[in-house]
Amino acid sequence: MTAAPEVARGSATGGVLLDAHNVTMQFGGLRAVGNVSMHVSRGEIVGLIGPNGAGKTTFFNCLTGLYKPTSGSVTFAGQPLPPRPRKVVYAGMARTFQNIRLFHNMTALENVMVGRYCRTKTNAIDAVLRLPRHRREEREATDRSRELLAFVGLEKKADTLSRNLPYGDQRRLEIARALATDPQLLLLDEPTAGMNPQETREAEDLIFRIRDLGLAVLVIEHDMRFIFNLCDRVYCLVRGEVLVEGAGDVVQNDPRVIEAYIGKPTVIEEDGNDA
Amino acid sequence: MDLFWQQLINGLSLGALYALIAVGYTVVYGIVQLINFAHGEIFMVGAFGAFATWVVMGSPKQMSWQAAVFGLLPAMIVGGMIVSVSVALLTERLAYRPLRDAPRLAPLITAIGISVFLQEVVRLFFGTIPGMPDAKRAIPFPTVTGISGRSFQIGTVTVQNSAVFTIAALAVCTVFLWFFVNRTKTGRAMVATSQDPDTARLMGINVDRVIMSAFAVGAALAAIAGVAHGMRYGNIDFRMGFLAGLKAFTAAVLGGIGNINGAVVGGLVLGVVESMATTFIPGQFGSPAWKDVWAFVLLILVLVFRPQGLLGAKVVDRA
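Protein chains in written order, with this note's numbering: chain A, 1 to 275; chain B, 1001 to 1319.
Here is the structure:
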């Protein structure tokens, strides 16, 4: 959080924050993620693309401790990352979900405050006895949560139940909730899925502003224009393995990537009845 | 009409007892989707803990009502809570947590097993603790001067002091719970966990601790109910948790399981229906022997016509 945006921007030498080495996730006979190595530096926006079923979300689940990788290692800010979701959050990594997973019966503000709680110290006894420390922390958590709602543009909807929010707002609320845990790295799983072009541009703008706060962002996305506008580097994952890695235009023009997405032109002619 | 008011008071105090236990079913269900059938035994263990506290204090018999109400009673409640919460946390840690990811039927059967286990432990071994009486038969509960067996009149209606205690305890606990769930970090963590445990984990919530606090809160309220039961009926025995637990479970379902307010409302409704049925239904169907029948008939009616319970299950509403 301390790195100045100008220093952090685009500098691959700004210190490696996340370093995944040969991560493999095996489900029985199915190798969903195989030997994926990836690094994200401080202040960097990294894209993760790949056809459906390539293992992108599985890889996210490995990073955030929902799955324990079969083999491989993940270090975060120089420390090995424990495969426990709660510890991952404390280490400084937060995520959003492909299918929105807000706490639907809580207001927008309460959702963000739940994210905030991992950075507060009071316990149930303080709360019951209404100790000053509890009241102070509760106020700080509320203030910070309102700030974050304003940051994503939801300050007017703080008291709306999250399930009643429009789709785009729910996506932004999820980002605010993740930011509330004070992460150094934000993982976004398809942040623009189902959004119209206008909302997609707003999301792009939001992610740039998050990077300007000094955070690194790792984003899964299918919208190629979005990805290549946004990212410093892009990884393309196919069938669980890293096919190509590099700057946006390098990946964009790589014939193997095009093949993975739409196939070889000749294939269509030979197996015309395949569709 | 006097009879109506009399039965209303009786019903509310009985219902408050059910409600105090029902909260334990509902809180645990809301978070781990487990019907903890051992909860009735947690209530029983709480009552025995309160009794044991009285013995440890030297079995005081004669005292002023001030000493009894402000000294003995709180001490017994705290003692009962310590025992019931410890037992509840132990069952959670040793029996339910290893089965967290098992099919739902496994912890359910385990809960029934624990229920039998706790009954038998109390029946066989309570008497072997130095100073404690044999628990194979009912044990007279210590008299709390000023509450046990005392009553007062409002017009022609007799109100037992123990009824006042039970209803007041329920009121205090309900306010406390509301505050706990809506205004504290642990409470919000509980709501978040009930809605989506995986996401809650990813927001830095210690889900294991949240589950433990759910068991602890339920057990603490059950201990209060245990003391209230002891003062109301004058004795406790190792089987008392079975029917009380079943009734409280009914109350929780009646109100909408997973919903704390529902458990309170369901308990009160169940208690009132029971006592009204035994008074206003004519002939043999209105005899006290039938009161359990009417309670469960009510349960069946609610399940047929309003399966989500009186207040719905807002807390556990999961897509």
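Each residue gets a CB set at the ideal place from its N, CA and C atoms; glycine is no exception. All figures in this text were calculated on a predicted structure; none of them were measured in a lab.
Can you pull the chain B residues whose beta carbon is under 7 Å from the beta carbon of residue i, in chain order?
{"i": "Thr-181/A", "result": "Met-1203, Gly-1204"}
{"i": "Arg-95/A", "result": "Leu-1202"}
Which residues in the same chain have their Cβ closer than 8 Å to the Cβ of residue i, if we skip the five residues on either side of it in sequence?
{"i": "Ser-210/A", "result": "Sequence check: residue 210/A is Ile here, not Ser. For Ile-210/A, where only same-chain residues beyond five positions count, the Cβ hits under 8 Å are Ile-175, Leu-179, Leu-186, Val-217."}
{"i": "Ser-1115/B", "result": "Phe-1037, Ala-1038, Gly-1040, Glu-1041, Gly-1241, Phe-1242, Gly-1245"}
{"i": "Ile-1281/B", "result": "Trp-1290, Trp-1294"}
{"i": "Gly-1127/B", "result": "Pro-1133, Asp-1134, Ala-1135, Lys-1136"}
{"i": "Asn-22/A", "result": "Asn-35, Val-36, Ser-37, Ser-71, Gly-72, Ser-73"}
{"i": "Ile-1300/B", "result": "none"}
{"i": "Thr-107/A", "result": "Ala-158, Asp-159, Thr-160, Leu-161, Ser-162"}
{"i": "Phe-151/A", "result": "Ala-176, Leu-179, Arg-209"}
{"i": "Ala-3/A", "result": "The pLDDT assigned to Ala-3/A is 40, lower than 50, so where the model puts this residue is not dependable; a value taken from the coordinates is nonetheless given after this. Gly-14, Arg-42, Gly-43, Gly-214, listed in sequence order."}
Leaving out five residues before and five after residue i in sequence, what residues of the same chain have Cβ atoms less than 6 Å from its Cβ?
{"i": "Tyr-220/A", "result": "One detail in the question is off: residue 220/A reads as Ile in this sequence, not Tyr. Cβ neighbours of Ile-220/A beyond the five flanking positions: Leu-48, Lys-56, Asp-189, Glu-190."}
{"i": "Asn-1036/B", "result": "Val-1028, Ala-1111"}
{"i": "Cys-1173/B", "result": "Leu-1221"}
{"i": "Arg-1318/B", "result": "Residue placement at Arg-1318/B is poorly supported in this model, since its pLDDT is 38, which falls under 50; the coordinates are not used for a value here."}
{"i": "Gly-1046/B", "result": "Gly-1080, Ser-1084, Ala-1222, Ala-1223, Gly-1226"}
{"i": "Ala-1219/B", "result": "Ile-1042, Ser-1084, Val-1085, Ala-1088"}
{"i": "Lys-1247/B", "result": "Tyr-1018"}
Give the C-beta separation of residue i and residue j to the nearest angstrom, bearing in mind that I take them to be a contact with Cβ-Cβ under 8 Å.
{"i": "Leu-1020/B", "j": "Leu-1170/B", "result": "6 Å"}
{"i": "Met-1231/B", "j": "Val-1144/B", "result": "6 Å"}
{"i": "Leu-1310/B", "j": "Val-1302/B", "result": "7 Å"}
{"i": "Gly-1267/B", "j": "Ala-1016/B", "result": "7 Å"}
{"i": "Ala-1192/B", "j": "Phe-208/A", "result": "Wrong, their Cβ atoms sit about 30 Å apart, outside the cutoff."}
{"i": "Thr-1278/B", "j": "Gly-1286/B", "result": "6 Å"}
Can you tell me whether residue i is buried or exposed? The criterion is at least 16 other CB atoms within 10 Å of its CB, across all chains shown.
{"i": "Phe-1249/B", "result": "buried"}
{"i": "Met-1001/B", "result": "exposed"}
{"i": "Ala-1263/B", "result": "buried"}
{"i": "Ile-1147/B", "result": "buried"}
{"i": "Ile-1154/B", "result": "exposed"}
{"i": "Ser-162/A", "result": "buried"}
{"i": "Lys-157/A", "result": "buried"}
{"i": "Ala-260/A", "result": "buried"}
{"i": "Gln-1066/B", "result": "exposed"}
{"i": "Glu-140/A", "result": "exposed"}
{"i": "Asn-1010/B", "result": "buried"}
{"i": "Arg-116/A", "result": "buried"}
{"i": "Leu-1073/B", "result": "buried"}
{"i": "Asn-52/A", "result": "exposed"}
{"i": "Val-1061/B", "result": "The sequence given here places Lys at residue 1061/B; Val does not occur at that position. That one is exposed."}
{"i": "Gly-272/A", "result": "Note on Gly-272/A: pLDDT 48, under 50, position unreliable in the model; no value is reported."}
{"i": "Asn-111/A", "result": "buried"}
{"i": "Ala-8/A", "result": "Residue placement at Ala-8/A is poorly supported in this model, since its pLDDT is 38, which falls under 50; the coordinates still yield a value, given next. By the neighbour-count rule (16 or more Cβ atoms within 10 Å), Ala-8/A is buried."}
{"i": "Leu-154/A", "result": "buried"}
{"i": "Gly-1256/B", "result": "buried"}
{"i": "Phe-1004/B", "result": "exposed"}
{"i": "Gln-1160/B", "result": "buried"}
{"i": "Pro-1197/B", "result": "buried"}
{"i": "Thr-1026/B", "result": "buried"}
Residue i versus chain A: which residues are under 9 Å apart at the beta carbon?
{"i": "Val-1191/B", "result": "Phe-103, Asn-105, Met-106, Glu-110, Val-114"}
{"i": "Arg-1097/B", "result": "In chain order: nothing, as chain A lies at least about 15 Å away."}
For residue i, return the contacting residues in chain E, with the cut-off set at a CB-CB distance below 8 Å.
{"i": "Cys-118/A", "result": "No chain E is present in this structure, whose protein chains are A and B."}
Cβ closer than 8 Å: which chain B residues qualify as neighbours of residue i?
{"i": "Tyr-90/A", "result": "Gly-1204"}
{"i": "Arg-177/A", "result": "Met-1203"}
Using a Cβ-Cβ cut-off of 7 Å (strictly less than) and excluding sequence neighbours within five positions of residue i, which residues of its own chain qualify?
{"i": "Met-1212/B", "result": "Leu-1089, Glu-1092"}
{"i": "Leu-1099/B", "result": "Ala-1106, Pro-1107, Thr-1110"}
{"i": "Val-251/A", "result": "Val-234, Cys-236, Val-244, Val-257"}
{"i": "Phe-1215/B", "result": "Val-1028, Ala-1088, Leu-1089, Glu-1092"}
{"i": "Leu-148/A", "result": "Val-112, Ala-176, Leu-179, Ala-180"}
{"i": "Arg-1123/B", "result": "Ala-1135, Lys-1136, Phe-1238"}
{"i": "Glu-204/A", "result": "Phe-226, Asn-229, Leu-230"}
{"i": "Ser-145/A", "result": "Leu-109, Val-112, Met-113, Arg-116, Ala-180"}
Give the interface partners of residue i over in chain A, defined as CB-CB distance under 8 Å, in chain order.
{"i": "Gln-1195/B", "result": "Phe-103, His-104, Asn-105, Met-106"}
{"i": "Arg-1100/B", "result": "Simply none; closest approach about 14 Å."}
{"i": "Lys-1136/B", "result": "Neighbours of Lys-1136/B on chain A: none; closest Cβ ~39 Å, over 8 Å."}
Applying a beta-carbon distance threshold of less than 7 Å, which residues of chain A neighbour residue i?
{"i": "Asp-1198/B", "result": "Leu-66"}
{"i": "Arg-1093/B", "result": "Those do not exist, as Arg-1093/B stays about 18 Å from chain A at its closest Cβ, beyond 7 Å."}
{"i": "Arg-1306/B", "result": "Simply none; closest approach about 20 Å."}
message: Residues of the segment 1054–1080 of chain B in Cβ contact with chain A at a cutoff of 8 Å, in chain order, please.
response: none
Positions along the segment 59–90 of chain A whose CB lies within less than 7 Å of some CB in chain B: Thr-64, Leu-66, Pro-85, Arg-86, Val-89, Tyr-90
message: Short of 7 Å Cβ to Cβ, which residues in the segment 1247–1261 of chain B face chain A?
response: none
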